[in-house]
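Novice:
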Amino acid sequence: MKKLFLILLIVPVLVVGQGEQRYADGTATDQDGNTFEWINYETQDWAIENAEVVTYRDGTPIPQVTDATEWFNLRSGAWCYYNNDPTKEKLYNWYAFMGIHDNNETTPNKEFAPEGWHVPSDADWTMLEEYLIANGYNYDGTTTENKIAKSMASKTGWNIYQSTGTPGNDQQSLNNISGFNALPEGYREINDSFRYMGTSAKFWSSTESGTMSAWARELSSYERDLYRPSNNKPYGFSVRFVRDASTASTKDYTGAITIYPNPTTSIVTLQGGKQYDIEVYTLQGKKVMALTGNTIDMSHLSSATYIVKALDKVENEEVSYKVVKN
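Heads up: the sequence shown runs through residues 1 to 326, numbered per my numbering.
1) Would you list, in sequence order, the uninterrupted beta strand (DSSP E) runs of no fewer than 3 residues that lie entirely inside the region 189-254?
2) If you follow the alpha helix (DSSP H) that residue 124 is part of, which residue opens it and which one closes it?
3) Counting along the chain, where does the beta strand (DSSP E) carrying residue 98 start and finish?
4) Using 10 angstroms around the beta-carbon of residue 234, count the other beta-carbons present and answer buried if the total reaches 16, otherwise exposed.
5) Could you tell me if residue 291 is buried or exposed, where buried requires 16 or more neighbouring beta carbons within 10 angstroms of its beta carbon?
6) Report the residue from 92, 107 and 71 whose alpha carbon sits nearest the alpha carbon of residue 206.
7) What do you get for residue 202, buried or exposed, if any count of 16 or more other CB atoms within 10 angstroms of its CB means buried?
8) Within its chain, find whatever has a CB closer than 7 Å to the CB of residue 184; leave out the 5 residues flanking it on each side and keep chain order.
9) Ends of the alpha helix (DSSP H) at residue 286?
10) Ordered along the chain, which non-local residues of its own chain (more than five positions away) have a Cβ less than 6 Å from that of residue 25?
11) Let me make sure I understand the geometry here. Which of 110, 21, 267 and 188 has the alpha-carbon closest to that of residue 59?
12) Could you pull out every residue in the same chain whose Cβ sits closer than 6 Å to the Cβ of residue 124, ignoring the five residues on either side in sequence?
13) Classify residue 49: buried if its beta carbon has 16 or more other beta carbons within 10 angstroms, exposed otherwise.
14) Relative to the alpha-carbon of residue 312, which residue among 18, 286 and 270 has its alpha-carbon at the smallest distance?
15) Check for me: the alpha helix (DSSP H) holding residue 69 runs from which residue to which?
16) So, is residue 72 buried or exposed, given that buried needs 16 or more other C-beta atoms within 10 angstroms?
17) If you run the structure through DSSP and keep just helix, strand and coil, what is residue 34?
18) Distance check for residue 52 and residue 281, CA to CA, integer angstroms please.
19) Whole angstroms are fine: how far does the CA of residue 174 sit from the CA of residue 299?
20) Compare the Cα-Cα distances from residue 83 to each of 95, 74 and 67 and report the closest residue.
21) Check whether the region 141-156 touches the region 164-179, counting contact only when three or more Cβ pairs, one atom from each stretch, lie closer than 8 Å.
22) Start and end of the alpha helix (DSSP H) containing residue 149?
23) Secondary structure at residue 40, three-state DSSP: helix, strand or coil?
24) So what's residue 82 in DSSP terms, helix, strand or just coil?
25) Alpha carbon to alpha carbon, how far is residue 22 from residue 61? Give it in angstroms, no decimals.
26) My assumption, with CB atoms under 8 Å, is that residue 325 sits in contact with residue 303. Please give the rounded CB distance.
27) Among the residues of its own chain, which have a CB less than 6 Å from the CB of residue 29, if the five just before and after it don't count?
28) Note the first and the last residue of the continuous beta strand (DSSP E) segment covering residue 312.
29) Could you pull the start and end residues of the beta strand (DSSP E) that residue 26 belongs to?
30) What does the alpha-carbon distance come out to for the pair residue 163 and residue 88?
31) Please classify residue 314 as buried or exposed, where buried requires at least 16 other C-beta atoms within 10 Å of its C-beta.
32) Could you work out which residue in 131, 262 and 76 is closest to residue 105 when comparing CA atoms only?
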């Protein structure tokens, strides 16, 4: 028993520097009825899925533009699919991102993000970057320098690259431990060239870097850092939402309630022996279970990923976890 006890003490020391695997803390809905997942990173709640809206918050349509010349000349909001292929994800120019819906400078901008959310500024991105670095989400578990690309990148879709610590290297190992799940959707350039599908994930910020440019963030299959480029506003990039400070979570819920085993084939248990009000949802938002207790029998559910919401009424604590049912 003494040897076993010593082993159990030693194992956490070996992994303490590495950020723990993160899953969704909850879901939200945009103005078009699309459900998206979010994660709390200390003082920020970030969407961990790309925006899919085709209207502004007030219902005004955002034009879909496929023509190269029209896209290049726009100084108002538009969206497109990568390569104009509706099986791909949506890309937006900076004007759409900022709610600039016409060319009249006296017209107030509209809101691109849903109620309670906003589009991220350069400072919002920097805050996320600093949180991930400080909490061990560099690929090597260190807490200095910017080596967080791998932990933010999705586990699939990246062009293979052999250099250690890059999103394209060994994608099933350490990719996406932060849960941010950045997909290499590529982007649209101002000459209408759709580029870098499988190589690049680029996201807008609201902060201008010049009259015709703004700061962005980029992950590349062959770089270890979250890069901060300045790009022309007519480019078409992916978009993420950040919850407004007035409604954002004030704590990191990942360690509040532990749920195990995950993945599971049948029974999952919520740590602590408390009684929770539990609801289980599909990723599409359909409720499939509701119960009170601290164990969930998922044996009858199909193999898929589910969102488990648990409410502790005594402590007034609610968390959400993504659980994989094998």
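Cβ atoms here follow ideal geometry from the backbone N, Cα and C, with glycine treated the same way.
Specialist: This is what the structure holds:
1) Correct list: 200-210, 213-220 and 230-232.
2) 122-134
3) It is not in any beta strand (DSSP E) - residue 98 carries neither H nor E in the DSSP assignment.
4) buried
5) So residue 291 ends up on the exposed side.
6) 92
7) Taking all protein chains in view, the Cβ of residue 202 is crowded by 16 or more other Cβ atoms within 10 Å, so the residue is classified as buried.
8) 157, 158, 197, 198, 199, 200, 201 and 221
9) No alpha helix (DSSP H) holds residue 286; DSSP gives it neither H nor E.
10) 39, 40, 253 and 320
11) 110
12) 242
13) buried
14) 270
15) 68-73
16) exposed
17) Three-state result, residue 34: coil.
18) Whole-angstrom Cα-Cα distance: 21 Å.
19) About 29 Å.
20) 67
21) yes
22) 149-152
23) strand
24) helix
25) 35 Å
26) 6 Å
27) Within the same chain, residue 29 has close Cβ partners 35.
28) 304-312
29) 26-29
30) 28 Å
31) exposed
32) Ranking the options by Cα distance to residue 105, first place goes to 76.
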